[in-house]
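Below you'll find the structure, written out as structure tokens, and then a few comments.
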Amino acid sequence: MNKFLLLILLGASSSLFSQKVSRERVIEVLSHLASDEMKGRETGTPENDAAALYIAKKFAENNLSFCFGDSYLVPFEYKGKVVYNVCGIKKGESEKTIAFSAHFDHIGTSDKTEDKVFNGADDNASGVTAVIGLADYFKTGKTDFSLMYIAFNGEEKGMKGSKAIVDIPNLQEQHQNISALFNFEMIATVSQFGPNTLYMTGDGFSDLDELFNGNAVNNLKIYPDPYLKQKLFYRSDNVSFVKKKIIAHSLSTVDMSKAKHYHQLNDDLEIVDFDNLTQLINNFGKTVEKLTPKNFKPIYNNTVNFN
Ligand SMILES: [Zn+2]
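Going by this note's numbering, the sequence shown opens with residue 483, and the numbers climb by one from there.
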């Protein structure tokens, strides 16, 4: 990523109406996480710690409370090292909680190629940018639901961070209050359904998408997962919560049949559609604003596999 491209991105005129979370903010957060200095955010590296601290700082700027102890950083052990998930919460009128999550770790660097950094702009700086963007969105005012924000570590190492965080005894009560967890996973591109849309993994297992779409604003829409053969529902951090019988699905835009950047060096800022991502974040926030524990009680049907 060179400085010129960043200047072009920042300078590009946007036809979008004024948004609560600005395109500039989205560019700032995503390009920081996906920068070469972050060296691909691999779990166990100093740069992975730096990414966790950066996210914690954004949570602090948005006046979130700690989920656990006296820090946003929630430690767990990986290969003999202490590494961190990041978690913050904003209390609403009710203890009932909507959670937003995304993994922030990626696959590090390569010593075999000229461009050495796997920047992971789509996977998953984009998802973390949505989590931070939603914390920005809800910085002021009080919602009916409490809102929880989690950045998972160790996803690329086998979903280690989400597995660790669901097993912390002191967090069980908070987890039991989660009415739904929206896990953002690769949302930097326009989905095959067009702008302002996402698809949801495991859509057939619960009524979350129907309930969400019934309240969605500005034509935001969640579609069923078109890549069922890939079993994506069971391949991302949402599944750690599914095992605890908590409603948890992943939302994505990546075209699994065509995309050529998954775990490749070209997963960099050039492939990010910032207008679409900004629109998604703002419309998602605006929709969640309308949800209350009365009008939003998603449940699983009996087709889901909790194991
Ligand atoms: Zn990912």
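Ideal Cβ positions, reconstructed from N, Cα and C, are used throughout, including at glycine.
Mind checking residue i: buried by the 16 CB within 10 Å criterion, or exposed?
i      : result
Asp593 : exposed
Gln746 : exposed
Ile781 : exposed
Glu529 : buried
Thr760 : buried
Lys540 : buried
Leu710 : exposed
Asp749 : buried
Tyr681 : buried
Asp597 : exposed
Gly696 : exposed
Asp618 : buried
Thr595 : exposed
Lys742 : exposed
Ala662 : buried
Gly623 : exposed
Asn764 : buried
Gln658 : exposed
Asn758 : buried
Ser739 : exposed
What did DSSP end up calling residue i once you bin it into helix, strand or coil?
i      : result
Ser722 : helix
Ala670 : coil
Glu637 : helix
Glu524 : coil
Ser661 : strand
Thr579 : strand
Val556 : strand
Ala698 : coil
Tyr709 : coil
Lys502 : coil
Ser497 : Residue placement at Ser497 is poorly supported in this model, since its pLDDT is 45, which falls under 50; the coordinates are not used for a value here.
Asn652 : helix
Val754 : coil
Asn764 : helix
Leu512 : helix
Lys572 : strand
Phe548 : strand
Leu616 : helix
Lys740 : coil
Lys621 : coil
Ser517 : coil
In its own chain, which residues sit with a C-beta less than 6 Å from the C-beta of residue i, not counting the 5 before and 5 after it?
i      : result
Ser497 : Model confidence at Ser497 stands at a pLDDT of 45, short of 50, so the residue's coordinates are unreliable; what they give is reported in the following sentence. Closer than 6 Å at Cβ, skipping near neighbours: no residue.
Ser495 : Low confidence applies here, because Ser495 scores a pLDDT of 45, under 50, leaving its location unreliable and the question unanswered by this model.
Gly684 : Phe715 and His731
Ser644 : Phe634, Asp719 and Ser722
Ile660 : Thr579, Ala581 and Ile728
Phe675 : Tyr705
Gly570 : Phe541, Leu546, Tyr554 and Tyr631
Phe694 : Ile704
Quick one: residues in its chain with C-beta nearer than 8 Å to the C-beta of residue i, no 5 flanking neighbours on either side, listed in chain order?
i      : result
Val560 : The sequence shown places Tyr at residue 560, not Val. Within the same chain, Tyr560 has close Cβ partners Thr525, Gly526, Asn635, Gly636, Lys639 and Lys642.
Thr769 : Phe694, Asn697, Ala698, Val699 and Leu702
May I ask you to list the residues that DSSP assigns as paired with residue i?
i      : result
Thr591 : Val599
Asn748 : Answer by DSSP bridge pairing: none, since Asn748 is not bridged.
Thr796 : In this structure the chain extends from 483 to 789, so residue 796 is not present and cannot be described.
Ser732 : Asn665
Tyr782 : Ser688
Take residue i and list the residues in its own chain whose beta-carbon comes closer than 7 Å to its own, dropping the five residues that flank it on each side.
i      : result
Val613 : Phe582, Ser583, Ala584, Tyr631, Ala633 and Phe666
Lys621 : Asn544 and Asn545
Thr785 : Gly686 and Phe687
Val564 : Pro557
Glu575 : Lys624 and Asp626
His514 : Tyr536
Just to check my reading of the structure: residue i and residue j have Cβ atoms closer than 8 Å, yes? What is that Cβ distance to the nearest angstrom?
i      : j      : result
Ile729 : Leu690 : 6 Å
Leu616 : Phe766 : 7 Å
Asp755 : Val672 : 5 Å
Met520 : Ser608 : At roughly 14 Å, the Cβ-Cβ gap does not stay under 8 Å, so Met520 and Ser608 are not in contact.
Tyr566 : Asp531 : 7 Å
Cβ of residue i less than 8 Å from any chain B Cβ?
i      : result
Phe687 : Of the chains in the structure shown, none is chain B; there is only one protein chain.
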